[in-house]
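Trainee:
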Amino acid sequence: MRSATRRWMPAILLSLILLTLALLVVTQRATAQSTVLPTGQSQFAITQNGKTLGHTESNISRLANGYAIESHGEMSLGRFRYSFTSHNQLDSGLDVVRDSITGEVNGKQATFEAASSTDGRSFLIHTSGGGKSESNTLTRHRNLVVLPDFDAASYVEMVHFAMAQPKYAWILIPKQNGILVPCHYQPQADVRGVWNGTSIDAHHTTVIVSAQNAVSVELYYSNNGTLLEADLPQQNFYVIRDGFHLINRPKPEIPHIVGGSSQQQQPQQ
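Using my numbering, the letters of the sequence shown map in sequence onto residues 9 to 277.
1. Is TYR228 helix, strand or coil when you go by DSSP?
2. Give every residue of the same chain whose Cβ lies closer than 7 angstroms to the Cβ of PRO182, excluding the five residues on either side of it in the sequence, and list them in chain order.
3. If we ignore side chains and look at the alpha-carbon of each, how far apart do TYR228 and HIS211 end up?
4. What does the Cβ neighbour count give for PHE88, buried or exposed, with the cut at 16 atoms within 10 Å?
5. Short of 8 angstroms in beta carbon distance, which residues of its chain neighbour LEU71, apart from the five on each side in sequence? Order them along the chain.
6. Does ILE179 pass the burial test, meaning 16 or more other C-beta atoms within 10 Å, or should it be called exposed?
7. So, at 8 angstroms on beta carbons, what are the nonlocal neighbours of LEU146 in its own chain, with the 5 sequence-adjacent residues on each side left out?
8. So, is ILE262 buried or exposed, given that buried needs 16 or more other C-beta atoms within 10 angstroms?
9. Short of 8 angstroms in beta carbon distance, which residues of its chain neighbour GLU65, apart from the five on each side in sequence? Order them along the chain.
10. Please list, in chain order, all residues of the same chain as SER293 whose beta carbon is under 6 angstroms from its beta carbon, the five residues on each side excluded.
11. Between which two residues does the beta strand (DSSP E) holding VAL44 run?
12. Report the CB separation of GLY101 from MET171 in whole angstroms; it is logged as a contact under 8 angstroms.
13. Specify the secondary structure class of ALA170 as computed by DSSP and reduced to three states.
14. What are the uninterrupted segments assigned as alpha helix (DSSP H) that are 4 or more residues long and contained completely in the segment 106-178, given in chain order?
15. Going by alpha carbons, who is nearest to ASP250 out of TRP203, GLU112, GLN56 and LEU152?
16. With DSSP as the reference, identify every bridge partner of ASN204, one or two as the case may be.
17. Does ILE255 pass the burial test, meaning 16 or more other C-beta atoms within 10 Å, or should it be called exposed?
18. Would you list the one or two residues that DSSP bridges to GLU261?
19. In the DSSP assignment, what residue or residues form a beta bridge with ASN96?
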């Protein structure tokens with residue numbers, strides 16, 4: 009009996025090892041294909057030179073196969089008045105399925121909609137404003153964020169790509185017929201901040217938008233990917249989460265990609 013047991017033990021152990029390896033592969037694939045966004049509501053102030061000009065907020069809900077995100081913002085500066093509302097649907101990998109945006113600038117309304125084609129390879133773009141409507145088709149890239157001005161939800165999505173560090177990433181600017189540009193996520197040193205009265209380390213990533221005439225978005229976020237602040241240094245605007253204060257904000261640099269080249273030559277990623 010003991011002899012038979014000894015003969016079977018190696019086979020049993022090998023089967024257990026193979027089963028464990030298979031489970032690890034499945035778990036890793038599931039993790040890679042499903043990115044977790046923090047659900048719930050969040051509010052941010054839009055500031056310039058220490059003065060609050062407006063606010064923006066997002067509400068993220070989990071769906072069976074992704075996320076539904078609603079966001080809204082409004083601000084005023086002198087005679088300039090701006091507001092927007094966005095309804096965004098993402099799949100489990102944070103790829104955009106549909107984004108519908110209504111905006112208003114000084115009383116003039118415009119709409120922008122990007123919807124995935126049936127085969128998932130393209131965005132069907134529909135815009136209206138100024139008494140005319142137009143349509144366009146753009147490549148539906150992975151790792152893409154639709155980026156209205158001052159949209160807290162867009163910055164939340166950008167944080168999670170900053171954590172994932174994809175080789176190729178894109179920004180779709182909802183202006184004209186849709187402006188599709190590459191972007192690059194560049195990690196920076198952590199900084200100190202105060203959140204709801206507690207001193208914390210905040211992670212910092214610079215997002216360089218476009219390879220030509222580039223601008224940057226400076227993202228500050230917690231360990232679990234909670235957006236704390238998004239700075240637009242070239243425009244001198246700051247989107248700051250309620251209850252958060254950044255200590256000794258790093259001096260912004262002229263946007264440039266360190267140790268990499270433009271991905272404009274990689275249109276099919």
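Ideal Cβ positions, reconstructed from N, Cα and C, are used throughout, including at glycine.
Mentor: The short version:
1. In the structure shown, TYR228 adopts extended strand secondary structure according to DSSP, grouped into three states.
2. Counting only Cβ-Cβ distances below 7 angstroms, and skipping sequence neighbours, we find ILE109, PHE120, VAL154 and PRO156.
3. 5 angstroms
4. exposed
5. GLN97
6. Per the 10 Å Cβ criterion, buried.
7. ALA122, SER130, PHE131, ILE133, LEU180, GLY186 and LEU188
8. ILE262 is exposed by the Cβ-count criterion.
9. GLN49, SER50, GLN51, PHE52, SER79, HIS80, GLY81 and ALA160.
10. Nothing about residue 293 can be reported from this structure: the residues present for the chain run from 9 to 277 only.
11. Note, VAL44: premise wrong, no beta strand (DSSP E); not H, not E.
12. About 14 angstroms; that fails the 8 angstroms criterion.
13. When secondary structure is reduced to three states using DSSP, ALA170 falls in the helix class.
14. 160-172
15. ASP250 has its Cα closest to that of TRP203, out of TRP203, GLU112, GLN56 and LEU152.
16. Per DSSP, none; premise fails for ASN204.
17. exposed
18. In the DSSP output, where bridge partners are listed per residue, GLU261 has none listed.
19. Looking at the DSSP assignment, ASN96 forms a beta bridge with ILE77 and ASP107.
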